[in-house]
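Below: the structure, in structure tokens.
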């Protein structure tokens, strides 16, 4: 027993001495360095935005090889694919990560939020309008479950995790899709009408309008207060100044930029699906060209960003201002959507 005690104290003295501490710290530092190196590599890989996918092949595959896909199958399958990409891209869903390298990344989480907002808006439009023949009709049993799940907190880490709720939503969307493309079932419908499309486009327009304003405010602007313009009897809760100073915070500039990139990425695919499902309604209004021009404007937002950081130069300065370039494309797309809504409203 005494021999064991002497061996223990001798070993303890060696470990707690200066040389012992160095021997202990060396492997710890090596492991820490390797961990940081691997995290850096993963962070670079996970920061790559997903490539766009073709909508039509997805439609053909979903429609079980039929020559004429079922009306609505393009929109539903594209919404499913967009949501799957959000969850299955390299690194998975990063917005709620609490460990490196996900916790260090902020651009991709903002991109994810932009995509998620569009998925939420489309799921709401499908539940509220596309799947119902009139305001007094019954809502679809699967869509009424899928839509609130997509609206779950995007930053929940545990109990339940955000991605877990979004996966549940996908289960209900796939169930609706299966019933929709099954000719033997009559309880799942998709009504491709111009008035339904106008309602969803109105939501898209408000999203793009907000993003355009936030992007344009990267350099700071003085804006005339037009909150009550157009109606003499209009009132608001609290009075604002006649001129407002609007400026996006320096730390938020890249966040807004990547949120706009994610929004545009999702809209490109959803609008391509709308072109398939609403082809007859769009052709009747002679609006197909207008829709394709909107898609073209949004595709321009997906160009490669060669700068290692989002630049915030002055409007006519020496340095670029990526936010203003993005705002230009977003504003033009929004203006085209407003024109398209007007065109669809006409007889």
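Residue numbers (the UniProt record's numbering): 1 to 347.
C-beta: ideal position from N, C-alpha, C; glycine also.
Alpha helix (DSSP H) containing residue i: first to last residue?
| i | result |
| --- | --- |
| residue 262 | 253-277 |
| residue 162 | 162-181 |
| residue 207 | 194-216 |
| residue 296 | 288-299 |
| residue 146 | 143-150 |
| residue 188 | Taken as a continuous stretch (DSSP letters only), residue 188 belongs to no alpha helix (DSSP H), as it is neither H nor E. |
| residue 346 | From DSSP, residue 346 is part of no alpha helix (DSSP H); its letter is neither H nor E. |
| residue 79 | 73-88 |
Does DSSP put residue i in a helix, a strand or coil?
| i | result |
| --- | --- |
| residue 107 | helix |
| residue 284 | helix |
| residue 121 | helix |
| residue 339 | helix |
| residue 157 | coil |
| residue 93 | coil |
| residue 112 | helix |
| residue 53 | coil |
| residue 302 | helix |
| residue 70 | coil |
| residue 27 | helix |
| residue 356 | Since the displayed the chain opens at 1 and closes at 347, residue 356 lies outside it and no answer follows. |
| residue 98 | coil |
| residue 357 | Only positions 1 to 347 of the chain appear in the structure, and residue 357 is not among them; the question remains open. |
| residue 328 | helix |
| residue 43 | helix |
Could you compute how far the alpha carbon of residue i sits from the alpha carbon of residue j?
| i | j | result |
| --- | --- | --- |
| residue 151 | residue 117 | 9 angstroms |
| residue 88 | residue 326 | 26 angstroms |
| residue 110 | residue 41 | 20 angstroms |
| residue 247 | residue 314 | 13 angstroms |
| residue 275 | residue 285 | 13 angstroms |
| residue 353 | residue 149 | This structure leaves residue 353 out entirely; the chain is present only between 1 and 347. |
| residue 38 | residue 299 | 33 angstroms |
| residue 199 | residue 32 | 53 angstroms |
| residue 128 | residue 134 | 10 angstroms |
| residue 171 | residue 122 | 16 angstroms |
| residue 153 | residue 26 | 42 angstroms |
| residue 192 | residue 297 | 24 angstroms |
| residue 301 | residue 266 | 12 angstroms |
| residue 264 | residue 146 | 23 angstroms |
| residue 278 | residue 190 | 10 angstroms |
| residue 142 | residue 168 | 11 angstroms |
| residue 159 | residue 341 | 42 angstroms |
| residue 114 | residue 202 | 17 angstroms |
| residue 270 | residue 73 | 12 angstroms |
| residue 68 | residue 182 | 13 angstroms |
| residue 333 | residue 119 | 19 angstroms |
| residue 291 | residue 196 | 15 angstroms |
| residue 56 | residue 35 | 42 angstroms |
| residue 124 | residue 138 | 15 angstroms |
| residue 112 | residue 262 | 6 angstroms |
| residue 173 | residue 30 | 47 angstroms |
Is it the case that the Cβ atoms of residue i and residue j are separated by a distance below 7 angstroms?
| i | j | result |
| --- | --- | --- |
| residue 335 | residue 294 | no |
| residue 76 | residue 177 | yes |
| residue 258 | residue 96 | no |
| residue 105 | residue 94 | yes |
| residue 338 | residue 205 | yes |
| residue 52 | residue 85 | no |
| residue 218 | residue 331 | no |
| residue 70 | residue 180 | yes |
| residue 194 | residue 281 | yes |
| residue 310 | residue 254 | yes |
| residue 287 | residue 343 | yes |
| residue 157 | residue 98 | yes |
| residue 90 | residue 43 | no |
| residue 208 | residue 256 | no |
Give the DSSP bridge partners of residue i, in chain order.
| i | result |
| --- | --- |
| residue 321 | 312 |
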